[in-house]
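177 is the number of the first residue of the sequence shown in the working numbering; add one for each residue after it. Presented below is the structure to which this report refers.
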Amino acid sequence: MVAAIYICRPMRIKINWDALGITTSIACAIHCALLPLFLTSLPLFGINIIHNQVFEFGMIALAFVVGTFALRHGYTQHHHRLLPILLFSVGIGFLIAKQIWHPWELYLLPPAVFFILLAHYFNLKFTKSCTHHL
Numbered sequence: 177m178v179a180a181i182y183i184c185r186p187m188r189i190k191i192n193w194d195a196l197g198i199t200t201s202i203a204c205a206i207h208c209a210l211l212p213l214f215l216t217s218l219p220l221f222g223i224n225i226i227h228n229q230v231f232e233f234g235m236i237a238l239a240f241v242v243g244t245f246a247l248r249h250g251y252t253q254h255h256h257r258l259l260p261i262l263l264f265s266v267g268i269g270f271l272i273a274k275q276i277w278h279p280w281e282l283y284l285l286p287p288a289v290f291f292i293l294l295a296h297y298f299n300l301k302f303t304k305s306c307t308h309h310l
């Protein structure tokens, strides 16, 4: 009977939000860089996700939500440093600017991805170097 209690106990899943943030940032970069090259024939079939505003803002929203969770957890529970939050804010600002000024899209995307990745990198680095857990 005791063994059944341990077997039936629900598993607690921990999500590494920084790793997820890095993954979504890279997925966004791949989408923005490679999708136009490989999927230019989609409009022939009535599918247009290359410059679909809903899809683009959905990707930005996904990056924002994941990044906010990761940075909030790192800041409040571990390191209390503002650098990752500032870098992330700059990156999200570049992503939004990319959507507003389409002719400059190719110039605004690399710094956006760079700042968001850098924010997650520093958040992860600061979290791992923390010696206490609140």
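Each residue gets a CB set at the ideal place from its N, CA and C atoms; glycine is no exception.
Original post:
How far does the alpha helix (DSSP H) with Y251 in it reach, from first residue to last?
Top reply: Counting along the chain, Y251 falls outside any alpha helix (DSSP H), and DSSP gives it neither H nor E.
**OP:** Quick one: residues in its chain with C-beta nearer than 6 Å to the C-beta of A205, no 5 flanking neighbours on either side, listed in chain order?
**Re:** V289
Original post:
For L258, which option in F302, L238, K274 and G269 has the closest C-alpha, if you only look at C-alpha atoms?
Top reply: F302
Original post:
Counting pairs of beta carbons, one from the segment 237-257 and one from the segment 274-283, are three or more of them closer than 8 Å?
Top reply: no
Original post:
Can you tell me whether S201 is buried or exposed, with buried defined as 16 or more other CB within 10 angstroms of its CB?
Top reply: buried
**OP:** Indicate whether F270 and L247 have their beta-carbon atoms separated by less than 8 Å.
**Re:** no
Original post:
Would W280 be called buried (16 or more neighbouring beta carbons within 10 Å of its own) or exposed?
Top reply: exposed
Original post:
Helix, strand or coil for K190 per DSSP?
Top reply: coil
Original post:
Got a sec, what are the start and stop residues for the alpha helix (DSSP H) N299 sits in?
Top reply: E281 to S305
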